[in-house]
Structures are given as structure tokens and as C-alpha cells.
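No gaps in the numbering here: position 41 of the sequence shown is 40 in numbering that gives the first Met the number 0, and each next residue is one more. Structure record follows, encoded as C-alpha cells.
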Amino acid sequence: MIRLWRQRTDQSEIIRLIRAELIPLSYTASPRDAQTIRELPGRLKQGVTLVSSRKKTSIPLGFIHFYIRGDLLLYDLLAVHPQHRGQKIGTMLMAHAENYGRSKNCRLARLYVDHGNPNAQRLYAALGFQTVHFHSDLRCYEMIKVLTAPF
């Protein structure tokens, strides 16, 4: 099931996923960067965070965090527990976020993906994102997707 996150019950697992699955792939962050870790709870409170879980009260198997900025859907973080990859959890989370963005009249989706994360690059390309720029200072690709109106 895909649901809104609950800070009290989901935050520790989401932060664990970020530390274990995302930060090691980032050029700009380190797993030992205490300030980055301290800022995560505040970052999650901004925007929208959805989780995939087996049941309403189960811990997250994966999550997505994104922002709506005018007519832009800006994906921020996406991670799926390694034991649950290949089950389309990331794809479902992206679809729910995209539908949310469409409901808020977003016309464009944007994300940044680390150069060292080719699996994510392939996923986003398969979902219709196109690379528009490589930011060499951040070592990440900027990708966009035009969102069509809901049917």
C-alpha cells in the first residue's frame, strides 16, 4: 500500500534508508556528515512524503519525498529497501507522486540523480524522464518529464 508518512512511526526507518541507500551514492554528502543527518527530519516535514508498506501500520519498504513549486513537481528523495527492489515499489511511488502533482496542476516534473546511481538513471528514463543537463560540480544529472493532464 502507498500512504502518507507518519513522522512518529516512519521517520527512523526513512532516515535509515537515506543513510544506507542514498548518502553513499552522493558526491555532496557523507554518511558521517552529522549536519546533513540532523537536517533530515526538518526536510521531511517540508513537501510531501509517501511510503510503501505492507499494512497501514507497517514500517516503510520504501519512500518518496517531493515538493510542489508552482507548476513544478520536484522529486527530492526516493529509496527502496534492498530486499524489496524489483517489486515495482519505486515505480508505484513515482506514479503516486506524479498523480499528486497533476492534481496540483503541475506541468513539469524535475529530479536530480547522482552520477554513481545508474540503476536510478535507468528507472527514471524508463518512466519517461529525459536528461537535460549534467551538473559537474554536483556530479548529478538533471532530468525532466512533461506531465500531461489526468484522463
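Every residue, glycine too, gets a C-beta built ideally from N, C-alpha and C. No experiment lies behind these values; they were computed from the predicted model shown.
>> Between the alpha carbons of aspartate 75 and glycine 85, how many angstroms are there, rounded?
In response: The straight-line gap from Cα to Cα measures roughly 21 angstroms.
>> Residues in the same chain with beta-carbon distance under 6 angstroms from isoleucine 63, minus the five sequence neighbours each way, listed in chain order, please.
In response: So the qualifying residues of the chain are Leu49, Leu77, Leu92, Ala96.
>> Suppose the cutoff is 7 angstroms on Cβ atoms and the five residues either side in sequence are ignored; what does the same chain contact list for histidine 134 look like?
In response: Hits under 7 angstroms: Glu141.
> Taking the Cβ atom as the reference point for each residue, do arginine 101 and leucine 146 lie within a distance shorter than 8 angstroms?
Replying inline: Between arginine 101 and leucine 146, the gap from beta carbon to beta carbon is short of 8 angstroms.
>> Using the three-state DSSP reduction, which class does arginine 2 fall into: helix, strand or coil?
In response: In the structure shown, arginine 2 falls within a strand segment according to DSSP collapsed to helix, strand and coil.
> Cα separation between aspartate 113 and aspartate 136?
Replying inline: The alpha-carbon atoms of aspartate 113 and aspartate 136 are separated by roughly 11 angstroms.
> What are the boundary residues of the beta strand (DSSP E) that valine 71 is part of?
Replying inline: Sequence inspection shows leucine at residue 71; the valine mentioned does not correspond to that position. Here the beta strand (DSSP E) through leucine 71 covers 71–79.
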